[in-house]
Structures are given as structure tokens and as C-alpha cells.
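Undergrad: Sharing a structure below in C-alpha cells format, with a few things to ask.
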Amino acid sequence: MPKLVFLTIRMKRGYGLTEMVSQFQLHLIDLGWEVVTLTSEKEMVFDAPEVLSDCLTIEKVEEFIQGWKPDVIVATSSPYFEMLPQLALYGRTIAFEAGDPTPEFFTSNKNLRKKVILNKELSVYPEVDKVIAISFFLQNEINWPESEVIYLGCDHISDFGVKDHVINGGKFRVGTLARIGKGENDYKGVELFVELARMNPSMQFEVMGYGTKRDAMIFQNAGLITHLNASDSEREFFLRNIDVFISASKWEGFNLPLVEAQALGTAAIAFDLGAHPEVTPYLMSSINEASILLRHWQKNDEALSLASARSYSFVRSKFNWFSAAQELDRVARELLSNQRIAIFRKTVRMNTSKKNSAIKRGYHALKIHGLKYFVSRVIQELGGRSPYH
Amino acid sequence: MELANFYTGTSNLNRSFEFNLKSPVPVWSSGSPRQNEVLGLSVIVLNLEAPDLLHQIYIGIEKAQNDFKESGYVLELIVGDTGSQEVEVLNLLDLIGEKYSVHRGLDYHFSKNNNYLTKYTKTSHLLFLNNDVLIYKNPRALWECFSTHLKVEQEVISSVNLLFPDLSIQHTGVDFSKKDGMENIPFHPHSHEYLEVVKGTVKYVPAVTGAFLMTSKMLFEKIEGFDEGYNKECQDIAYCLRARKIDVLSRVIEVGNLIHIENGTRPKNDYSNPDRKRFLRKFSSFIEGTLNA
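In order, the protein sequences belong to chains A and B. Residue numbers 14 to 402, in this note's numbering, belong to the letters of the first sequence in order. Residue numbers 7 to 299, in this note's numbering, belong to the letters of the second sequence in order.
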């Protein structure tokens with residue numbers, strides 16, 4: 014039985030990566046893999062023998078891998094991406110990218126974020142056997158055309174079918190779900206959501222999210238209803254019972270909550286940003302367009318019911334965890350059967366000089382950034398000094 | 007065109023600037039009567055040189071006037087010239103300008119020009135018309151389409167069947183490809199086929215051509231006109247699909263033979279990849295999730 018290890022920063026509720034790793038682990042086992050997840054921290058709900066926490070350092074990860082001997086090593090987040098080149102000695106390596114929001118969206122840590130992204134482009138992707146992106150948007154965003162796209166699934170969400178009727182007799186409820194807090198607010202489009210609420214006073218705008226009471230103040234001050242740190246069942250109840258879900262986010266590698274809302278039979282709209290063009294039929298080009306559509310649905314039960322049913326069918330037919338796991342299974346087995354990779358890895362092991370490594374990275378830099386950048390990069394590497402490390 | 011190509015050459019960060027709130031556009035409010043607006047049709051035509059085509063538009067509008075007047079509606083012509091220099095055209099623009107509205111010196115851009123010209127219209131309805139649709143041969147087509155358009159209570163977008171000079175079909179609505187590698191690309195079904203359609207027949211279609219696109223001004227303003235992000239193509243189809251999101255349907259009316267000398271206004275095969283990418287990015291999921299579901 015082939016063995017696969019996931020390396021992911023945390024296993025905690027409210028994080029899309031956690032859901033992703035859990036689902037892949039579950040379905041890959043069905044597909045004949047032995048799977049273990051290494052993480053730095055986990056909640057009790059993920060307390061299983063196959064999920065090991067406190068594995069944040071390369072020494073701990075390496076120690077486990079040397080003992081367990083996985084065939085395939087899949088990293089889904091930093092700092093594990095950055096460990097993959099070193100771990101390539103022990104098995105096939107996959108960087109499974111959920112992406113990094115554009116640094117310019119943040120008011121703090123901008124340069125650090127840029128450095129992390131650039132480092133992956135120059136020192137991680139060229140050194141791993143495969144890069145996988147969770148959307149075509151992300152494939153373009155990470156600037157790695159050789160990557161493959163594997164969509165996430167939505168069938169971890171309960172299937173209540175389409176809504177037979179618009180549930181709420183009272184106020185028209187518009188909701189969103191996201192992690193909230195200073196860092197997240199920078200790119201989650203909080204100001205757009207609040208503005209939509211201001212433009213549509215006859216509707217009830219609600220926010221559900223993981224965060225503190227202090228984080229929720231920005232919404233409460235704007236007159237919005239907030240639901241903090243809900244359980245999975247409360248989250249599903251919320252997503253099913255609001256009339257429309259909106260994601261105002263300006264960057265999403267996939268946007269699991271947007272897809273989950275649709276999987277629960279709720280029409281969902283998002284702006285033409287991030288991976289949204291791939292995950293909702295109702296893509297908005299402006300805040301006014303969003304407002305007009307909300308008003309249309311508020312006045313027309315039949316139109317909203319039809320849109321909700323279409324959204325449900327759209328995501329349920331397109332995003333499926335077993336299909337996603339089958340894709341990862343295919344990629345992993347192809348890597349295992351590819352002898353050239355094994356020979357290449359041996360070659361890399363034999364020639365681990367700084368010079369060869371620089372040329373290898375330089376080749377990718379040439380493809381991506383052009384000749385001028387390539388030349389300066391090789392000079393820096395050969396000179397033993399790089400501004401990026 | 008693969009999904010991955012939707013995004014190439016575009017910047018998510020740059021797109022996000024379109025959503026900043028520094029200068030939000032006032033939201034359209036329904037039902038407010040417009041000052042100085044009269045019931046009728048404003049025909050908006052862009053022109054560059056092509057005196058014969060411009061002349062036939064003028065003649066066609068003149069011939070169609072009676073049908074509108076008899077029923078108490080106004081028919082006006084708005085011409086936007088995008089840089090003609092031929093004396094014959096300039097003289098013709100002077101002649102048209104004596105009776106109708108003429109705007110010279112525009113830089114050709116379908117969306118920007120038409121959005122701009124719409125501000126000079128005085129009527130309740132708009133017809134965006136290519137100058138190579140030969141209305142002088144069938145001027146009654148304007149009234150047939152307009153009167154049929156008015157018969158439905160709900161908002162619709164109307165167009166007509168258009169024919170090539172050999173009387174085969176040029177336009178009978180726009181559909182979206184399901185072929186591998188061409189998914190969701192707009193195309194003209196039945197192109198070059200010979201179809202017999204009974205006059206007055208109305209057919210609902212996914213979208214219609216901008217060569218003959220009739221809409222109420224209220225809808226046009228509500229959805230903020232043509233998307234100026236398109237430079238050469240797809241803006242007409244995008245208009246129809248943006249309207250369709252709020253359940254405004256597009257339809258084609260049979261009004262008798264109406265010839266469209268396709269590519270009279272744009273060179274043949276003058277495709278724009280950026281426009282197609284923009285269109286596919288914005289509408290692929292909508293087409294898959296609603297029209298082709």
C-alpha cells in the first residue's frame with residue numbers, strides 16, 4: 014500500500030486548508046493509500062492517530078519521514094513548502110497550493126509576504142516533483158504554468174437539496190461567512206459588504222465568522238448582525254437559511270464558504286476577483302450590479318428560487334471530493350511510476366553544488382522573468398549572495 | 007480556450023481597484039419618470055467614412071418616420087462619426103445634422119461611443135444599429151420590431167433576424183459553443199443556412215447581436231450601459247447576459263428580409279483575445295450554470 018504524508022500548518026475548524034486535508038485524507042484511504050498528516054497544532058476534533066501535531070521543525074518532520082518512509086510528501090502550506098526541497102531525498106514531493114493573498118492588500122507585513130511568494134517561485138516550485146493549484150486563477154497567480162489544477166469539493170456539506178421556497182417571510186437576509194480580524198479584513202472586502210448593507214437598508218445583513226468580539230465590532234457598528242465562532246451545524250443552518258450569500262473578498266484561491274453556501278441551496282454572489290469566476294454563476298462586476306441583483310431577488314421569490322436551485326446544481330455537479338482525491342491519486346501514482354524523476358533525483362543528489370542549484374533555479378527564472386532577471390540572478394547565486402534568501 | 011487563459015495578462019490587484027468605494031455610482035432607482043423623455047425610439051449609429059452605408063441609414067430612417075408618427079411615437083437618429091474625412095461623408099453628416107443629432111470626432115470604441123451617444127437621446131427606447139444593416143430596403147423593420155417590443159409588459163431585449171446578401175441567415179440570435187476547446191464562446195447558430203420564418207415570429211434566445219439591439223433606456227441605465235472594458239467585441243453579448251442575470255430575456259423577431267453586410271463595420275476575423283478572455287472570465291460559469299445547465 015503506497016504511503017502519503019500531508020504537511021499542513023494547522024488542523025483547526027474554520028480553515029479551508031484543514032477541510033481540504035481532512036477530505037483528501039479520507040478519500041485517499043478509500044483509494045488505497047496509507048495517509049498521515051503532520052501539523053503544528055490541532056484541535057481535539059482532529060485528534061486521531063493519523064494526525065500528528067507539534068511537527069513544526071524540519072528536524073521533527075524529517076525524523077518522522079525517515080521512520081515512516083512515505084512514497085509521496087504533500088505540503089499544503091508554509092513552512093512546509095519550504096521544507097520540500099530537502100525532503101525530496103525521501104519521496105516524491107508535491108506542493109499543493111491554496112495560494113497567498115496579494116501582499117498589496119495588506120497594511121502590514123507586505124514585504125515579508127512578497128518574500129515568501131518569491132521564495133516559493135524560485136526555490137520551492139523548481140525543486141518539487143509537482144505543483145498543484147486549487148483553481149485556474151491560482152495557477153495563473155503563482156506563475157507556474159506547469160502546475161496542475163485540482164478543484165476542491167463541496168460534498169462535506171450536508172445535502173438538504175434545493176430549497177422548495179424562499180424560507181424567510183420576514184426581512185430579506187443577506188449573509189457572509191469568513192474569518193474576521195484585522196489581517197483578514199484587509200482583503201476580505203469588509204468595506205464592500207458594509208457598503209452593500211448601507212445601500213440596501215430594507216435587507217438584513219449578517220456576518221458569521223471565526224474571530225473575537227473585538228473583531229466583530231466593525232460589523233456591529235455598521236448595524237450588521239454578527240454570529241461568532243459557530244459550530245459546523247450552526248454554520249450549515251446559517252448558510253441554508255439566509256436568502257443570499259455574498260462574498261465581498263478581493264482575493265480567494267477558491268473560496269470554500271461561497272461554494273458551501275451554494276451546496277446548501279443558497280444563491281451566492283461574488284465579485285470578479287480571485288477564483289470567483291470559476292465558482293459561482295453570479296459573478297458581479299461592480300457593487301451597483303450586486304445591489305441591483307439583490308433588489309431583484311428581494312422582489313421576486315420565483316427568480317431567487319430558480320437562482321438558488323441553479324447555484325446548488327452548479328457546485329454539486331462541479332466540485333466533488335472523491336473526484337478531487339482521484340485526481341490527486343492519479344498525479345501521485347504517475348509520479349511514482351515515472352523513472353525519469355528517480356534518475357533526476359539521483360543526479361540532483363550527486364550534484365548538490367551551489368552552482369548547479371543556481372542554474373536550475375535560473376532556468377525557471379529565465380522562463381518566468383526573462384533574460385535580464387536571469388543573468389542578474391545567476392550572478393548573484395554564483396557570487397554566493399542572493400537578496401531573496 | 008482553456009479556463010487558465012481567462013486570467014493571463016490580467017492583474018487581480020488592478021481589477022480590485024474597480025471595486026474601490028471612493029466614487030460609487032449612484033444606484034438606479036426604479037420607476038422614476040425621466041424629464042423630457044418621450045415615447046419612441048432613438049436609433050444610434052456609428053460611422054466611419056462609408057457614405058453609401060450612412061446614406062442608406064438616413065433614407066431608411068426617413069422612410070420609417072410615418073409608421074412611428076401615425077402611432078404617436080418619436081423616431082430619432084443619433085450618428086456618431088469616428089473620424090471620417092471624405093468630403094461626401096462630411097456633406098452627408100451636415101445634411102443629417104440639420105434634422106438629427108450628429109456627433110463628430112469620436113475615437114472608435116463601441117461601448118464608449120454608444121454609452122456617450124445615449125446621453126443625447128430623447129426617447130424611451132434605444133436601437134443600436136450597425137450602418138451596414140440595410141434598413142433602406144426594409145424600413146418597416148424598425149416599426150415591426152419596436153411595436154412588437156412594446157407588446158410585452160416585462161423588460162426584454164429585442165433584435166431581428168438578419169440575412170446575408172444571398173438571403174441566408176446571418177443572425178437569428180447568439181448561442182454559446184459547447185465544443186471542446188471552444189466552450190462558451192459566442193456564435194451565430196444557423197449561419198449561412200436558409201430558413202423560412204413567418205413574419206411576426208418571436209423567438210427567445212440566449213443573446214442578440216449589437217448590430218441590431220433594441221432595449222429600453224431604463225434598462226440600459228439600470229445596468230450601466232455597455233461594459234467599456236471590451237475594446238472590440240463581446241460587449242453586446244455581455245449586455246444581454248448582464249440583463250439576463252436580472253431575468254431580462256433576449257429575443258429575435260422576424261420582420262421580413264433585412265440584409266446585414268457583416269464585417270462592413272469591422273474587418274473579417276478581427277477577433278480580440280483580451281475581449282474573449284474578459285467575456286469568458288465573467289460569463290463562463292453563468293452560461294454553464296444557467297443557460298447550458
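The beta carbon of each residue, even a glycine, is placed where N, CA and C say it ideally should be. This structure is a prediction, so every number in the text was calculated from the model and none was measured.
Could you list which residues in chain A have their beta carbon closer than 9 Å to that of D186(B), in chain order?
TA: Under the 9 Å cutoff, chain A gives no residues; its nearest Cβ is about 16 Å from D186(B).
Undergrad: Can the beta-carbon of A178(B) be found less than 8 Å from the beta-carbon of H198(B)?
TA: It should be pointed out that residue 178(B) corresponds to Thr in this sequence rather than to Ala. Not in contact: T178(B) and H198(B) (Cβ atoms no closer than 8 Å).
Undergrad: Return the chain-ordered list of same chain residues with a C-beta closer than 8 Å to the C-beta of K359(A), the five sequence neighbours on each side being excluded.
TA: Confidence at K359(A) is low in this model, with a pLDDT of 47, below 50, so the placement of that residue should be treated as unreliable; the coordinate-derived value is given next. Hits under 8 Å: none found.
Undergrad: Under the rule that 16 or more other beta-carbon atoms within 10 Å means buried, what is L131(A), buried or exposed?
TA: L131(A) comes out exposed.
Undergrad: Which whole-angstrom value is the C-beta distance of E43(B) and S153(B), which I expect to be below 8 Å?
TA: Not confirmed; about 19 Å, so no contact.
Undergrad: Among G196(A), A229(A) and S318(A), which one has its Cα closest to the Cα of P114(A)?
TA: For the residues G196(A), A229(A) and S318(A), the minimum Cα distance to P114(A) belongs to G196(A).
Undergrad: Please state the DSSP three-state secondary structure of T129(B).
TA: DSSP places T129(B) in strand when its eight states are reduced to three.
Undergrad: Using C-beta distances below 6 Å, list every residue in its chain close to I193(A), excluding the 5 sequence neighbours before and after it, in chain order.
TA: Once the five neighbours on either side are set aside, the close Cβ partners of I193(A) are G222, G224 and D228.
Undergrad: Does the Cβ-Cβ distance between F59(A) and V87(A) come in under 8 Å?
TA: Not in contact: F59(A) and V87(A) (Cβ atoms no closer than 8 Å).
Undergrad: Do A61(A) and T89(A) have their C-beta atoms within less than 8 Å of each other?
TA: Against a cut-off of 8 Å, the Cβ pair of T89(A) and A61(A) comes out as no contact.
Undergrad: Looking at the unbroken alpha helix (DSSP H) that takes in L341(A), where does it start and where does it end?
TA: Unbroken alpha helix (DSSP H) run through L341(A): W334 to S350.
Undergrad: Is it the case that the Cβ atoms of A316(A) and H309(A) are separated by a distance below 8 Å?
TA: Result yes, Cβ atoms of A316(A) and H309(A) sit closer than 8 Å.
Undergrad: Does any residue of chain A bring its CB to less than 8 Å from the CB of R21(B)?
TA: Chain A, which has a Cβ nearer than 8 Å to the Cβ of R21(B), makes this yes.
Undergrad: Extract the residue ranges of the alpha helix (DSSP H) inside the segment 23-108 of chain B, only unbroken runs of 4 or more that lie entirely within it.
TA: Whole alpha helix (DSSP H) segments, 4+ residues: 57-76 and 93-105.
Undergrad: What separation, rounded to the nearest whole angstrom, lies between the Cα atoms of N333(A) and C167(A)?
TA: Taking the straight line from one Cα to the other gives about 6 Å.
Undergrad: In chain order, what are the residue ranges of uninterrupted alpha helix (DSSP H) at least 4 long that sit wholly in the segment 148-232 of chain B?
TA: The qualifying runs are 223-228.
Undergrad: Kindly say whether I252(B), judged by its beta-carbon, lies nearer than 8 Å to any beta-carbon of chain A.
TA: At least one chain A Cβ lies under 8 Å of I252(B).
Undergrad: Which residue wins for smallest C-alpha separation from L45(B), given the options T127(B), L98(B) and D87(B)?
TA: Cα-wise, what sits closest to L45(B) is T127(B).
Undergrad: Counting only runs of 3+ residues fully inside the segment 131-158 of chain A, write out the beta strand (DSSP E) ranges in chain order.
TA: Counting whole runs of 3 or more residues, the segment 131-158 of chain A contains the beta strand (DSSP E) stretches 143-146.
Undergrad: What's the call for P214(A), buried or exposed, on a 16-neighbour Cβ count within 10 Å?
TA: By the 10 Å Cβ count, P214(A) comes out exposed.
Undergrad: Could you tell me how far apart the beta carbons of L60(B) and N53(B) are, in whole angstroms, since I believe they sit closer than 8 Å?
TA: L60(B) to N53(B), Cβ: 5 Å. Contact.
Undergrad: Which residues of the segment 205-228 of chain B have a Cβ closer than 7 Å to any Cβ of chain A? Give them in chain order.
TA: Here the close residues are K228.
Undergrad: Which partner residues does F295(A) have in the DSSP bridge list?
TA: For the record, residue 295(A) in the displayed sequence is Tyr; it is not Phe. BP columns for Y295(A) point to I282(A).
Undergrad: Beta-carbon within less than 7 Å of N11(B)'s beta-carbon, same chain only, minus the 5 sequence neighbours each way: which residues are those?
TA: Excluding positions up to five away in sequence, the list reads K283.
Undergrad: Our contact map puts V211(B) next to S174(B) with C-beta atoms below 8 Å; I'd like the distance itself, whole angstroms only.
TA: Between S174(B) and V211(B) the Cβ distance is about 18 Å, and since that is not below 8 Å, they are no contact.
Undergrad: Any beta carbon of chain B sitting closer than 8 Å to that of A316(A)?
TA: A316(A) counts as touching chain B.
Undergrad: What is the DSSP secondary structure of I170(A), counted as helix, strand or coil?
TA: Looking at I170(A) - three-state DSSP - the assignment turns out to be coil, as it is neither helix nor strand.
Undergrad: Are G202(A) and A261(A) touching if we call contact CB-CB under 8 Å?
TA: Yes, the pair counts as a contact, with Cβ atoms nearer than the cut-off.
Undergrad: Starting from A316(A), trace the alpha helix (DSSP H) both ways and give me its first and last residue.
TA: From DSSP, the alpha helix (DSSP H) with A316(A) extends over D314 to K331.
Undergrad: Go to F59(A), then tell me how far its beta strand (DSSP E) extends in each direction, as first and last residue.
TA: From DSSP, F59(A) is part of no beta strand (DSSP E); its letter is neither H nor E.
Undergrad: Check whether the Cβ of S291(B) lies closer than 8 Å to any Cβ atom in chain A.
TA: So yes, S291(B) belongs to the interface.
Undergrad: Under 6 Å Cβ to Cβ from C68(A), same chain only, skipping five residues before and after it: list those, please.
TA: Once the five neighbours on either side are set aside, the close Cβ partners of C68(A) are L51 and V74.
Undergrad: Quick check on this structure: which residue in D276(B), V49(B) and T221(B) has the alpha carbon closest to the alpha carbon of L156(B)?
TA: Answer by Cα proximity: T221(B).
Undergrad: Under a Cβ-count criterion, where at least 16 other Cβ atoms within 10 Å of its own Cβ denotes burial, should Q91(B) be classed as buried or exposed?
TA: Counting Cβ neighbours within 10 Å, Q91(B) comes out exposed, since fewer than 16 surround it.
Undergrad: Give me, in chain order, the residues of the same chain whose beta-carbon lies closer than 6 Å to that of A342(A); leave out the 5 immediate sequence neighbours on both sides.
TA: Note that residue 342(A) is Asp in the sequence shown, not Ala. L44.
Undergrad: I107(A) and V162(A): beta carbons closer than 8 Å?
TA: Cβ distance not < 8 Å, so I107(A) and V162(A) don't count as in contact.
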